[in-house]
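Novice: Quick one: structure below, then a few questions.
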Amino acid sequence: MARGLRTISFLFALLHFGNLFSINVCESCPISSIEEALKVCSRGDTIQLASGVYKEHDLLIDKPLTIIGTDLPTIDGEEKGGVFRIEADSVCIQGLRIINVGVSFTSDHAAIRVYRSRDFIIEDVQLEKLFFGFLIEKSSHGTIRNNQIHGLAKSEYNSGNGIHLWYSKNIRIEDNLVEGVRDGIYLEFADSVWVINNASRNNLRYGLHFMFSNHSNYNNNVFENNGAGVAVMFSKFIKMNANVFKHNWGTASFGLLLKEINDLEVIDNLFEDNTIAISVEGANRVLYSGNILKGNGWAIKVRGACYSNLFIKNQFLNNSFDLSYNSRMNDNVFKKNYWSDYSGYDLDKDGIGDVPYRPVKLFSYIVNRTPEAIVLLRSLFIDIIDFSERVSPVFTPDELKDEQPLMRPL
Amino acid sequence: MHKVLKYSFYDLGRSRWSYIYFLFYLLLGSVLLFLNNDLAKAVITLMNVIIILVPLIGTIFGVMYYYNSLEFTELLLAQPIKRRNIFLGQYLGISISLSLSLFLGIGIPFLLYGIFKSTVVFDFIFLLISGVFLTFIFVALAFYLSLRNENKIKGFGYAVLLWLFMAVVYDGLFLMSLIIFEDYPLDRFSLIGTLLNPVDLSRTLILLKLDISALMGYTGAVFKNFLGTSLGMIISLFSLLLWVIVPVLAFLNRARTKDF
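Residue numbers (this note's numbering), protein chains in the order written: chain A, 1 to 410; chain B, 1001 to 1260.
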């Protein structure tokens, strides 16, 4: 009996499906609010949102459906709370402008909050005046594409993150622009994430922040002028290709901060004008190749517990310090890099310098011990002691050298 | 004073060394710019050269000029002219002519290169300002030392020693004390240490303009407040001015009481 009823209701649902496949919402339509539309729609429907301003918040989406905005309708949360909350699979949100998400100190209000959802798509959405942007929890196989997030965050304690993933898997984050929030893109316990072609700039804290997120790829992103740059912590099997890290210039700014990382590939990235381009702590089996490090304060700062790392074919151009090391032990290999400070010769004309290059200057060792000594940067005396240390190393690791420095930039 | 200044200035204008000095900077500036093509890097290299060479040339020119024109000076002293005017005139004559050589020598190639269209124009102007300050400071110090020493060789020796101390030895001692006292908070100490040496002072001033401020601010709040704001700039410029005024007053005082 129950089974029969269910079949009948399913058939009705199918009929419904045919009739109401698309629900139009506009100010003068029979259905003039999204809340109403969500109530009357059924699984798999499409809600067409005409342009206009909809003052609504805390909208729960608990069945698979598609919401499409035409001509960028605005949903105004009036700072009363979150706007969308998705708790169903196969939900697609497209072409909306969401503004005025409420700030709260007890709950994480988001413009779009996705909870236990599979196959969701968030596309062409613009966010302004937000707390959290997209908050994705325990979800998988989603796509966040071509969105623009413009926050006005002033201080860390009362601002949220642009794109925030928590316990999520197989997510693609593509072609987004995030600016003016706390952390541009934040991933925690998020495995197999593709972050491609995004721009994250002018954020208060990190452009990209991820922890406990393995098997992820980061390609062609631009991280610019963020409070602390990009932090990658407690993760393994990561690939970072062709990203740009620039102008992270401040007292505690990094281009890229690596902490407790294993099996990472950093290839063909550009690091320009950062206080510290790459700060590494406890990172093992990392491959750095084809990167350009240009005009940074410290190009690479190694703080310890870093083993079996390989630096090959990178270009170090005009950095104040190419490499800073705080111990005398070295298990990392440098070869075939181009160092703009290299002053050796190449008699056999094979493009590789005949004398090894020692990237750790005595002065960088001194600055590590006595940070105040930085006031002597570029002084003649420092040049003299650097030179003598280079000739016969006493303080800096003896075996830390590039045996095959390139004569010309690649 | 104006007449003495004018004579000194014209005298130096006829001197070969002014032109050599001018040509040297012209060559250096041109080579750096047209072979390097990286304006920001050229400014840094130029800074290294200016900070070392300008004090050296200023010291040696100052001492040389004083001893060479001693007879003329004694002749002037026999005239009813104030001693103060004679020596101040000579001092300004030599400082201005050296500064002019520096200004033109470096300015012309940069102007040809199109400095005013570039973003480093302010760094460059700061570089020139520090160069001029260093000239004025070290010529004054040279005058003081030569006024104190009748013996040419001694005067020369002291002057070169002074340059060596300011340019190299001071930083060595500074660094050593920083390392010895590394367990103590050193930020104030290191800032004061910088102010006490005009060479360090102008280096810091240029580096601040060159955006190294964040690199330095890395060490602590005191650094950040001092170096990251215009306060640091103002104090540094003021100290440089003090570094001109004090030696000038010292050598004028020496000249007033000296028995020729």
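No residue lacks a Cβ here, since even glycine has one placed at the ideal position from N, Cα and C.
1) When you compare only the Cα positions, how much space is there between B:F1260 and B:N1085?
2) Considering B:R1024, what are the terminal residues of the alpha helix (DSSP H) in which it resides?
3) To the nearest angstrom, how far is the alpha carbon of A:I75 from that of A:F21?
4) For the candidate residues B:L1164, B:F1143, B:G1193, B:K1258, whose alpha-carbon lies nearest to that of B:S1069?
5) Measuring only the C-alpha atoms, how far is A:I185 from B:R1203?
6) Between A:N241, A:Y115, A:A111, which lies nearest to A:D290 when the distance is taken from Cα to Cα?
7) Give the C-beta separation of A:Y218 and A:N243 to the nearest angstrom, bearing in mind that I take them to be a contact with Cβ-Cβ under 8 Å.
8) Check A:D58 in the structure and name its three-state DSSP category.
9) Out of curiosity, what's the CA-to-CA distance linking A:H150 and A:F132?
10) Which residues in the same chain have their Cβ closer than 6 Å to the Cβ of A:G69, if we skip the five residues on either side of it in sequence?
11) Start and end of the beta strand (DSSP E) containing A:R113?
12) What in chain B is Cβ-close to A:R201, meaning under 7 Å?
13) Who are the neighbours of B:S1230 on chain A, taking C-beta pairs under 8 Å?
14) Going by DSSP in three states, A:H247 sits in which element: helix, strand or coil?
15) What do you get for A:A13, buried or exposed, if any count of 16 or more other CB atoms within 10 angstroms of its CB means buried?
16) Can you give me, in chain order, the residues of the stretch 359–378 of chain A that have a beta carbon less than 8 Å from any beta carbon in chain B?
17) Nearest to B:S1030 by CA position, among B:G1155, B:P1109, B:Y1158, is which residue?
18) Hey, could you find the ends of the alpha helix (DSSP H) B:V1199 is sitting in?
19) What residues of chain B sit near A:N318, judged by a beta carbon separation below 7 Å?
20) Which ranges does the beta strand (DSSP E) cover as unbroken runs of at least 3 residues, wholly within the stretch 153–229 of chain A, from first to last along the chain?
21) Leaving out the 5 sequence neighbours to the left and right, which residues in its chain are closer than 7 Å to A:N220 when beta-carbon positions are compared?
22) Between B:R1203 and chain A, is any beta-carbon pair separated by less than 9 Å?
23) Any beta carbon from chain B within less than 9 Å of A:I278's own beta carbon?
24) Taking the runs of the alpha helix (DSSP H) that are 4 residues or longer, which of them lie wholly in the stretch 1138–1178 of chain B?
25) Is A:K259 helix, strand or coil when you go by DSSP?
26) For A:L420, list the residues DSSP reports as bridge partners.
27) Is the stretch 388–398 of chain A in contact with the stretch 352–368 of chain A, if contact means three or more CB pairs nearer than 8 Å?
28) Closer than 7 Å between beta carbons: that is the criterion. Which residues of the stretch 267–293 of chain A meet it against chain B?
29) If you scan the stretch 286–324 of chain A from start to end, which runs of the beta strand (DSSP E) of 3 or more residues do you find wholly inside it?
30) Measure from the alpha carbon of B:F1061 to the alpha carbon of each residue in B:D1200, B:H1002, B:D1123, B:Y1091, then state which is nearest.
31) If the criterion is Cβ atoms closer than 9 Å, does the pair A:C41 and A:K63 meet it?
32) I'd like to confirm the pairing. Which residues does DSSP put opposite A:K236 in its beta bridges?
33) Where does A:T143 sit, in a helix, a strand or coil, going by DSSP?
34) Would you kindly work out how many angstroms separate the C-alpha atoms of B:G1089 and A:A153, rounded to a whole number?
35) Could you tell me whether the stretch 323–333 of chain A touches the stretch 345–353 of chain A, where touching means 3 or more Cβ pairs closer than 8 Å?
36) Compile a chain-ordered list of the residues in the stretch 1039–1063 of chain B whose CB is closer than 9 Å to at least one CB of chain A.
Specialist: This is what the structure holds:
1) 16 Å
2) Here residue 1024 of chain B is Phe; the residue named in the question, Arg, does not match the sequence. Start and end: 1016–1036.
3) In this structure, the straight-line span from the alpha carbon of A:I75 to that of A:F21 is close to 22 Å.
4) B:F1143
5) 40 Å
6) Residue identity differs from the one stated: residue 290 of chain A is Gly in this sequence, not Asp. The shortest Cα separation from A:G290 among A:N241, A:Y115, A:A111 belongs to A:N241.
7) 6 Å
8) When secondary structure is reduced to three states using DSSP, A:D58 falls in the coil class, being assigned neither helix nor strand.
9) 11 Å
10) L49, G95, L96
11) 110–115
12) Chain B residues near A:R201: none, gap ~17 Å exceeds 7 Å.
13) Around B:S1230, no beta-carbon contact reaches into chain A at under 8 Å, the shortest distance being about 17 Å.
14) coil
15) In this prediction, A:A13 scores a pLDDT of 49, lower than 50, which makes its location untrustworthy; the coordinate-derived value is nonetheless stated afterwards. When all chains shown are included, A:A13 counts as exposed.
16) I366, R369, T370, P371, E372, A373, I374, V375, L376, L377, R378
17) Ranking B:G1155, B:P1109, B:Y1158 by Cα distance to B:S1030 puts B:P1109 first.
18) 1198–1209
19) K1041
20) 163–166, 169–174, 177–179, 185–188, 191–196, 199–201, 206–211, 216–219, 222–224
21) I196, N197, A242, N243
22) yes
23) Look at A:I278: its C-beta is not under 9 Å from any C-beta on chain B.
24) 1152–1164
25) Three-state DSSP puts A:K259 in a strand.
26) The structure shown does not extend to residue 420 of chain A, since chain A is modelled only from 1 through 410, so no value can be given for it.
27) yes
28) Of all residues in the stretch 267–293 of chain A, only T275 place a beta-carbon less than 7 Å from a beta-carbon of chain B.
29) 292–294, 298–302, 310–312, 315–317
30) It is B:Y1091 whose Cα lies nearest to the Cα of B:F1061.
31) yes
32) A:N262
33) strand
34) 60 Å
35) No, the stretch 323–333 of chain A is not in contact with the stretch 345–353 of chain A.
36) A1040, K1041, I1044, M1047, N1048, I1051, I1052
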